[in-house]
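Taking it in order: structure first as structure tokens, then the write-up.
2 protein chains.
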Amino acid sequence: MKKVEAWVDQLRAILAVGKESEAIDFLLTLQPYDQAEIINLLTFEERQKLMPLLDDESLAPIFKELESDVITEVVDSIGGEWASGVLGEMSSDDAADLLGELEGEQVEELLELMETEDAQEVTALLTHPEETAGGLMTREYVTVKRDWSVGKTLEILRKIAPEAETIYYLYVTDAQERLVGVVSLRQLIVAAPETPVGDVMSENVISVSVGEDQEMVARQIKKYDFLALPVIDHNRHILGIVTVDDVMDVLEDEAIEDMSRLAAIQGVSSAGDLWEPAYQAAMKRLPWLVLLLGIGMLSGNIIARFEETLETVLTLALFIPLITDMAGNTGTQALAVVVWGLAIGEFRPRDLLWLMKREAGVGLIVGIVNGLLIAVGAYIWQGNIWLGFVIGFSLWVTLFVATMAGTVVPLILFHFNIDPAVASGPLITTINDIIGLTIYFSVATAFMNLLLN
Amino acid sequence: MKKVEAWVDQLRAILAVGKESEAIDFLLTLQPYDQAEIINLLTFEERQKLMPLLDDESLAPIFKELESDVITEVVDSIGGEWASGVLGEMSSDDAADLLGELEGEQVEELLELMETEDAQEVTALLTHPEETAGGLMTREYVTVKRDWSVGKTLEILRKIAPEAETIYYLYVTDAQERLVGVVSLRQLIVAAPETPVGDVMSENVISVSVGEDQEMVARQIKKYDFLALPVIDHNRHILGIVTVDDVMDVLEDEAIEDMSRLAAIQGVSSAGDLWEPAYQAAMKRLPWLVLLLGIGMLSGNIIARFEETLETVLTLALFIPLITDMAGNTGTQALAVVVWGLAIGEFRPRDLLWLMKREAGVGLIVGIVNGLLIAVGAYIWQGNIWLGFVIGFSLWVTLFVATMAGTVVPLILFHFNIDPAVASGPLITTINDIIGLTIYFSVATAFMNLLLN
Chain C
0 MKKVEAWVDQ LRAILAVGKE SEAIDFLLTL QPYDQAEIIN LLTFEERQKL MPLLDDESLA
60 PIFKELESDV ITEVVDSIGG EWASGVLGEM SSDDAADLLG ELEGEQVEEL LELMETEDAQ
120 EVTALLTHPE ETAGGLMTRE YVTVKRDWSV GKTLEILRKI APEAETIYYL YVTDAQERLV
180 GVVSLRQLIV AAPETPVGDV MSENVISVSV GEDQEMVARQ IKKYDFLALP VIDHNRHILG
240 IVTVDDVMDV LEDEAIEDMS RLAAIQGVSS AGDLWEPAYQ AAMKRLPWLV LLLGIGMLSG
300 NIIARFEETL ETVLTLALFI PLITDMAGNT GTQALAVVVW GLAIGEFRPR DLLWLMKREA
360 GVGLIVGIVN GLLIAVGAYI WQGNIWLGFV IGFSLWVTLF VATMAGTVVP LILFHFNIDP
420 AVASGPLITT INDIIGLTIY FSVATAFMNL LLN
Chain A
0 MKKVEAWVDQ LRAILAVGKE SEAIDFLLTL QPYDQAEIIN LLTFEERQKL MPLLDDESLA
60 PIFKELESDV ITEVVDSIGG EWASGVLGEM SSDDAADLLG ELEGEQVEEL LELMETEDAQ
120 EVTALLTHPE ETAGGLMTRE YVTVKRDWSV GKTLEILRKI APEAETIYYL YVTDAQERLV
180 GVVSLRQLIV AAPETPVGDV MSENVISVSV GEDQEMVARQ IKKYDFLALP VIDHNRHILG
240 IVTVDDVMDV LEDEAIEDMS RLAAIQGVSS AGDLWEPAYQ AAMKRLPWLV LLLGIGMLSG
300 NIIARFEETL ETVLTLALFI PLITDMAGNT GTQALAVVVW GLAIGEFRPR DLLWLMKREA
360 GVGLIVGIVN GLLIAVGAYI WQGNIWLGFV IGFSLWVTLF VATMAGTVVP LILFHFNIDP
420 AVASGPLITT INDIIGLTIY FSVATAFMNL LLN
């Protein structure tokens, strides 16, 4: 049994004997994520009983992790006033994310019931596009002045710590509220109490602008090993901070998006999209499929052009799937390596020549090995040595060209600033089919006389 | 021009007028990651001149980010004694990672030159398998006792802060040095100085055992939004901590690994593997290709079984690539969604029935749409309405079955505890080819009389 299910059983056993306050005590010994997982698994009635017994402060981190239909349910049934109290205790970014998952009416009701200041902060965050620094940031950051002493700063920090998203980085602003430095709590702890903050702070503050793409924000935090990154406007006024826990999802979501595109699925950009109903999921897969169906008619055309060859040596038809599959497979392999290298910033424009040379080498090796194997295989199967030669030679050339196509197509897209992940595996497969079939039937036609001997 | 190249130019301009100490001052205003990027781009002579001027403390975070051939070069040319001083200043996990990239001889020389205690810590870390909690952890954590007062703890923290990897989580151990609690610096800052640590600590410490797989460690940190996670042995003795910055790479590397396997490439498990020479890269792609070549012979066999049908209606050959491609494409789409959902823990065993129903719905929709389109297309192209029917109907059935195959195969693997990512796209494509061809030629044979009218 999974740990969370064991906890649910335990909680139900306590509730069964009517000891609700004991149930709450038990719940509070766990991490908020686990508390939320448990609440997600409870029944409507159990939630009705338990959740109003938790205080707003304990509920805030739980709400963040609840499934959205559970949130909608408890807001509806337990009431907007209760929910707005919890929202007020949440970080502004989590509150904004949560409201983003609810229906318009419920959102308006909750915003009206919230304290004006909290509601304004959340509303401000909701105006930023979801996939930007502004959409990720929280407003609960700490700013200090450079002339404050370390001792005074720590004294103030003690008071505001419960409200702040992180107290481990403090941002230093000048009289015009512009960002001029950053100091870590570690630096403050080590410094003598009378030292001014300006003496310990670092003036080289890495920041991102509010409209920056979320993947870029995540890469900056990852690159510099930061716990948080300040978000600024064009006047260097600090607007918020993005914390490391918020970007851990971003890189994985971006990976899912790249992967989905490689598999010819458009518009899957987060883990939540994996849960779509059949109709929506089909709509995200159909555009590529229909396009590929159209391109696929071209491979039919190529075979039609060689119909005479095929009629003379019908055995050639047996190897059509093998030639097209292998062309698609090597193309997909090359594509995957190139797209990922580009996506994570490992490959740069200066590496393109190296990459093409390397992939040419790979194409030659896999082409020769597979070409030889199939030549022998076809000879044994069909007893015609020239058939073996035609198929082996065609496969060798095809695999080389297919590997290069899988490498060059994404590089060209990248050069023209088109996301190389749109060059999906199935697209490369279809292109490589056409290349493979042309090579195969051309070679077969050229050696027709030998094939018939 | 990229920012780092501009910095290199600026640094060279300062060096050109012989102001080396000014060059160092300039370098020190930047982040360690950027300093390392600059040093990576310098010439051998420039590195010889600059690097000995930097003190060990500044060099430690730079070393972590340098390219491994640059490290080998400077250790060789500037000397082991100098390098061992820098290693001593590094976190034990970073030092171990760095030594892991050097040649055996250089490693031994450096370990001998390091202070005994440092060398022992690093050697201990080197014994843990790279992809486990032990391989990721650092030894520079802070432990406290539950009866210490908050004030005393903060006083001690002030002294050891420069050495610790993080001072934001402190781990509480009992008299037998077993892990019994955790307290955050935030909790200490807020608490009154005379409070005992035991009163503010949380007893519910989430930890991982030293042999735990690195992906599991990363998922725990991500799930609970932690900055670090303690690593324990079977007696609950704390052995080290894994910090959030160390696991940011893990999830991306695991994504690369899953993606590579989906694209039928074995053994690519980190960004560094993207840089392999052609021979090594080919060796990682060949095993699958050769296997698929073997399976691909089966599709030839299926066509051979229907050779009579094909001889009678040669036009059927034109649509072979289209049927196989489309079967592969829909299979890959379903596979990608299922494999990723399982990999990131979004899909659980209890969701399998829902998933199969959903994918059945998707298969029906994409099957009907594409089947209708190709029926019309084939009729217009070849002027035979029964050919249109045969192809359209076959494609419809094929796409439905292919979608189910792309869903069910990874689910079965998952059920038997085999990593579903080994069900590569090309494997599913090849299986679906065989299914598609069988359906296509069976339908065509059944309607043979009508086709010939």
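Line order of the protein sequences matches chains C and A. Mapped onto numbering that gives the first Met the number 0, the consecutive letters of the first sequence carry residue numbers 0 to 452. Mapped onto numbering that gives the first Met the number 0, the consecutive letters of the second sequence carry residue numbers 0 to 452. Ideal Cβ placement from N, Cα and C applies to all residues, glycine included.
### Task
Less than 8 Å between the CB atoms is what I'm expecting for Gly299 (chain A) and Pro320 (chain C), so what's the real figure, rounded?
What you label residue 299 (chain A) is simply residue 300 of the second sequence in a count that begins at 1. What you label residue 320 (chain C) is simply residue 321 of the first sequence in a count that begins at 1. 7 Å between Cβ atoms; contact.
### Query
Can you find a C-beta in chain C that's less than 7 Å from the C-beta of Pro229 (chain A)?
Translated into positions along the second sequence, residue 229 (chain A) becomes position 230. Output row for Pro229 (chain A): interface = no.
### Message
List, in chain order, every chain C residue whose beta-carbon is nearer than 9 Å to that of Gly239 (chain A).
### Response
In the second sequence, counting from the first residue as 1, residue 239 (chain A) sits at position 240. Proximity of chain C to Gly239 (chain A) at the Cβ level (cut-off 9 Å) is not reached, the minimal Cβ distance being about 17 Å.
### Query
Which chain C residues are close to Tyr278 (chain A), counting only those with a beta carbon under 8 Å from its beta carbon?
In the second sequence, the residue the question calls residue 278 (chain A) occupies position 279. Residues of chain C passing the Cβ test: Gly360 and Ile364.
### Task
State the DSSP-derived secondary structure class of Asp212 (chain A), mapped to helix, strand or coil.
Within the second sequence, the letter at position 213 stands for residue 212 (chain A). In the structure shown, Asp212 (chain A) sits in a strand (DSSP, three-state: E or B).
### Message
Counting only Cβ-Cβ distances shorter than 8 Å, please list the residues of the region 327 to 340 of chain A near chain C, keeping chain order.
### Response
Within the region 327 to 340 of chain A, the residues whose Cβ lies closer than 8 Å to some Cβ of chain C are Gly327, Asn328, Thr329, Thr331, Gln332, Leu334, Ala335, Val336, Trp339 and Gly340, listed in chain order.
### Query
Does the beta-carbon of Ala374 (chain C) have 16 or more other beta-carbons within 10 angstroms, so that it is buried, or is it exposed?
As a working note, residue 374 (chain C) is residue 375 in the first sequence. So Ala374 (chain C) counts as buried.
### Task
Just the C-alpha distance for Pro31 (chain C) and Arg284 (chain C), rounded to the nearest angstrom, thanks.
Start at 1 with the first residue of the first sequence, and residue 31 (chain C) comes out as number 32. Start at 1 with the first residue of the first sequence, and residue 284 (chain C) comes out as number 285. Their Cα atoms are separated by approximately 36 Å.
### Query
Just by C-beta distance, which residues in the region 132 to 157 of chain C are closer than 9 Å to chain A?
Within the region 132 to 157 of chain C, Leu153, Leu156 and Arg157 place their CB atoms closer than 9 Å to a CB of chain A, listed in sequence order.
### Message
If you measure between the beta carbons of Val439 (chain A) and Ile322 (chain A), is that distance less than 7 Å?
### Response
Looking up residue 439 (chain A) in the second sequence gives position 440. Looking up residue 322 (chain A) in the second sequence gives position 323. Correcting the residue identity first, residue 439 (chain A) is Tyr in this sequence and not Val. The beta carbons of Tyr439 (chain A) and Ile322 (chain A) sit closer together than 7 Å.
### Message
Using a Cβ-Cβ cutoff of 8 Å, what residues of the region 429 to 440 of chain C are near chain A? List them in chain order.
### Response
Of all residues in the region 429 to 440 of chain C, Thr429, Asp432 and Leu436 have a Cβ within less than 8 Å of some Cβ in chain A.
### Query
Can you tell which of C:Gly376, C:Trp81, C:Ile61 and C:Glu256 has the C-alpha that lies nearest to the C-alpha of Leu292 (chain A)?
Residue numbering aside, residue 292 (chain A) sits at position 293 when the second sequence is read from its first letter. Considering only alpha carbons, the answer is C:Gly376.
### Query
CB-CB under 6 Å to Leu169 (chain A), same chain, minus the five flanking residues each way: which ones, in chain order?
By one-based count along the second sequence, residue 169 (chain A) stands at place 170. The beta carbon of Leu169 (chain A) lies closer than 6 Å to those of Val141, Val143 and Val182 in the same chain, with the five residues before and after it left out.
### Query
Three or more beta-carbon pairs under 8 Å between the region 326 to 343 of chain A and the region 242 to 259 of chain C, yes or no?
Yes, the region 326 to 343 of chain A is in contact with the region 242 to 259 of chain C.
### Message
Output needed in chain order: residues of the region 241 to 262 of chain A with a Cβ under 7 Å from some Cβ in chain C.
### Response
Cβ contacts with chain C come from Val243, Asp244, Met247, Leu250, Glu251, Ala254, Ile255, Met258, Ser259 and Ala262.
### Query
Between Leu124 (chain C) and the rest of its own chain, which residues show a CB-CB distance below 6 Å, the 5 nearest in sequence each way excluded?
Translated into positions along the first sequence, residue 124 (chain C) becomes position 125. Counting only Cβ-Cβ distances below 6 Å, and skipping sequence neighbours, we find Ser91 and Ala95.
### Message
Could you give the first and the last residue of the continuous beta strand (DSSP E) run that contains Ile237 (chain A)?
### Response
Start at 1 with the first residue of the second sequence, and residue 237 (chain A) comes out as number 238. First-last of the beta strand (DSSP E) with Ile237 (chain A): Ile237 to Thr242.
### Query
What is the residue span of the alpha helix (DSSP H) that Ser83 (chain A) lies within?
Taking the second sequence and counting its residues from 1, the one referred to as residue 83 (chain A) is at position 84. Secondary structure note for Ser83 (chain A): its alpha helix (DSSP H) is the uninterrupted segment Gly79 to Glu88.
### Task
Output, in sequence order along the chain, the residues in the region 10 to 37 of chain C whose CB is closer than 9 Å to any CB in chain A.
Per Cβ criterion, the list reads Thr28, Leu29, Gln30, Pro31, Tyr32 and Asp33.
### 8 Å CB neighbourhood of Val7 (chain A) in its chain, flanking five on each side removed
What you label residue 7 (chain A) is simply residue 8 of the second sequence in a count that begins at 1. For Val7 (chain A), where only same-chain residues beyond five positions count, the Cβ hits under 8 Å are Ile37, Leu40 and Leu41.
### Residue from C:Leu27, C:Ala401, C:Leu49 and C:Ala5 whose Cα sits closest to the Cα of Gly17 (chain C)
Position 18 of the first sequence, counted from the first residue, corresponds to residue 17 (chain C). Gly17 (chain C) has its Cα closest to that of C:Leu49, out of C:Leu27, C:Ala401, C:Leu49 and C:Ala5.
### Task
List the endpoints of the continuous alpha helix (DSSP H) containing Leu273 (chain A).
Stepping through the second sequence from its first residue, residue 273 (chain A) is reached at position 274. Counting along the chain, Leu273 (chain A) falls outside any alpha helix (DSSP H), and DSSP gives it neither H nor E.
### Task
Specify whether the region 351 to 362 of chain C and the region 428 to 442 of chain C touch according to this definition: at least 3 beta carbon pairs, one from each stretch, less than 8 Å apart.
Result no; under three Cβ-Cβ pairs closer than 8 Å.
### Neighbouring residues, chain C, relative to Glu56 (chain A) (Cβ below 8 Å)
Counting from 1 along the second sequence, the entry for residue 56 (chain A) is found at position 57. Within chain C, no C-beta atom comes less than 8 Å from the C-beta of Glu56 (chain A); the nearest is roughly 13 Å away.
### Query
How is Gly362 (chain A) classed by DSSP in three states: helix, strand or coil?
Reading the second sequence from its first residue, position 363 is the one you call residue 362 (chain A). If DSSP states are grouped into helix, strand and coil, Gly362 (chain A) belongs with the helices.
### Message
Under 7 Å, CB to CB, which of the residues in the region 213 to 224 of chain C have a partner in chain A?
### Response
Correct list: Lys221, Lys222, Tyr223 and Asp224.
### Query
For Ile205 (chain A), does the three-state DSSP call read helix, strand or coil?
Residue mapping note: residue 205 (chain A) aligns to position 206 of the second sequence, counting from 1. Looking at Ile205 (chain A) - three-state DSSP - the assignment turns out to be coil, as it is neither helix nor strand.
### Message
Run through chain A and tell me which residues come within less than 9 Å of Ile373 (chain C), C-beta to C-beta.
### Response
Counting from one through the first sequence, the residue named residue 373 (chain C) turns up at place 374. Contact annotation for Ile373 (chain C) against chain A: Leu292, Gly295 and Met296 [CB-CB distance below 9 Å, chain order].
### Task
Classify Arg177 (chain C) as helix, strand or coil using the three-state DSSP reduction.
As a working mapping, residue 177 (chain C) is identified with position 178 in the first sequence. In the structure shown, Arg177 (chain C) sits in a strand (DSSP, three-state: E or B).
### Query
Just curious, the beta strand (DSSP E) that Leu169 (chain C) is in, first and last residue?
On the first sequence, position 170 is the one that residue 169 (chain C) refers to. Tyr168 to Thr172 is the span of the beta strand (DSSP E), which, as asked, contains Leu169 (chain C).
### Sequence-distant residues of the same chain with beta carbon closer than 6 Å to Leu14 (chain A), five excluded per side
Counting from one through the second sequence, the residue named residue 14 (chain A) turns up at place 15. Excluding residues within five positions, the ones whose Cβ falls inside 6 Å are Ala22.
#### Entry: 7 Å Cβ cutoff met for Arg235 (chain C) and Arg177 (chain C)
Counting from 1 along the first sequence, the entry for residue 235 (chain C) is found at position 236. Counting from 1 along the first sequence, the entry for residue 177 (chain C) is found at position 178. The Cβ atoms of Arg235 (chain C) and Arg177 (chain C) lie closer than 7 Å to each other.
#### Entry: Segments assigned alpha helix (DSSP H), at least 4 residues, entirely inside the region 109 to 174 of chain A
The qualifying runs are 115 to 125, 132 to 135 and 149 to 159.
### Query
Across which residues does DSSP place Pro229 (chain A) in a beta bridge pair?
Here residue 229 (chain A) refers to the residue found at position 230 of the second sequence. Partner residues in the beta bridge of Pro229 (chain A), as assigned by DSSP, are A:Ile240.
### Task
Provide the residue span of the alpha helix (DSSP H) that contains Thr323 (chain C), from first to last.
Taking the first residue of the first sequence as position 1, residue 323 (chain C) is located at position 324. That run of the alpha helix (DSSP H) goes Ile319 to Ala342.
#### Entry: Contacting residues, own chain, Cβ-Cβ under 6 Å from Ser393 (chain A) (five flanking each side not counted)
Numbered from 1 along the second sequence, position 394 holds the residue referred to as residue 393 (chain A). Excluding residues within five positions, the ones whose Cβ falls inside 6 Å are Ile438, Tyr439 and Val442.
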